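Per our numbering, residue 744 is the first one in the sequence shown, and the count goes up by one each step. Right, one structure below, let's go through it.
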Amino acid sequence: MTRITLGHVSGVYGIKGWVRIASQTRPEERILDYRRWWIGDDQGFMSRAVAQRMQGNGLVVQLLGRDEEPITDRNVAQSLIGKTVSVDRAQMPPLPEGEYYWIDLLGLKVADEAGLPLGVVTDVFSNGAQDVLTVSDEDKTHLIPFVVGPIVVSVSLESRQIVCRWSREW
Numbered sequence: 744m745t746r747i748t749l750g751h752v753s754g755v756y757g758i759k760g761w762v763r764i765a766s767q768t769r770p771e772e773r774i775l776d777y778r779r780w781w782i783g784d785d786q787g788f789m790s791r792a793v794a795q796r797m798q799g800n801g802l803v804v805q806l807l808g809r810d811e812e813p814i815t816d817r818n819v820a821q822s823l824i825g826k827t828v829s830v831d832r833a834q835m836p837p838l839p840e841g842e843y844y845w846i847d848l849l850g851l852k853v854a855d856e857a858g859l860p861l862g863v864v865t866d867v868f869s870n871g872a873q874d875v876l877t878v879s880d881e882d883k884t885h886l887i888p889f890v891v892g893p894i895v896v897s898v899s900l901e902s903r904q905i906v907c908r909w910s911r912e913w
């Protein structure tokens, strides 16, 4: 099973075992579309949200514990703070052509239209207007807007390369 991290437990909520989830999905509540979550590292456990709601500016959930019963103890919930929330890659739906999961872009080589290397994708983030690739090599880091057409000319997951209208000098 290939696990993809979609967030982490960021805190506890209340006294009845609920936890705050810092979701990396957009919108944030899309993480709830995945039925089974892996909580923690290799010694973690399979879980799911049995109750959930948006609270303030974040998501709070009640999880199933290792015993497949809802966690109702704040101390147990507190022990989960910092644990990752991952899903099996097989749960992730296929995307339409021209759309990519961020995880698939990490590690891809990036070149300009002339074929000159710009570096490797080391991070992807959203600036609110669009997704941005962090492309690094030994000399420089580029922040390249991931705008297919005007900036991103092509993406090939098979050859693990992105071609951009971009200059090393920028």
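Note that beta-carbon positions come from the ideal geometry of N, C-alpha and C, so glycine has one too. Being a predicted model, the structure only gives us computed values, none of them experimental.
In terms of CA proximity to residue 898, 848 leads the group 848, 865, 826. DSSP places residue 780 within a strand segment (E or B) once states are collapsed to three. Minimum Cα-Cα distance from residue 746 among the listed residues 852, 891, 766, 834 corresponds to 834. Residue state for residue 746 is assigned as strand, using DSSP reduced to three classes. Taking C-beta atoms as the reference points, residue 803 and residue 761 count as a pair closer than 9 Å. Taking the C-beta atoms as reference points, residue 790 is found nearer than 9 Å to residue 779. Rounded to whole angstroms, the separation of the alpha carbons of residue 813 and residue 874 is 36 Å.
Looking at the backbone, the Cα of residue 786 and that of residue 908 are separated by about 44 Å. Residues 765, 825, 826, 827, 828 of the same chain have their beta carbon placed closer than 7 Å to that of residue 751, with the five preceding and five following residues left out of the count. Looking only at 872, 783, 767, 832, the smallest Cα-Cα distance to residue 801 is reached by 767.
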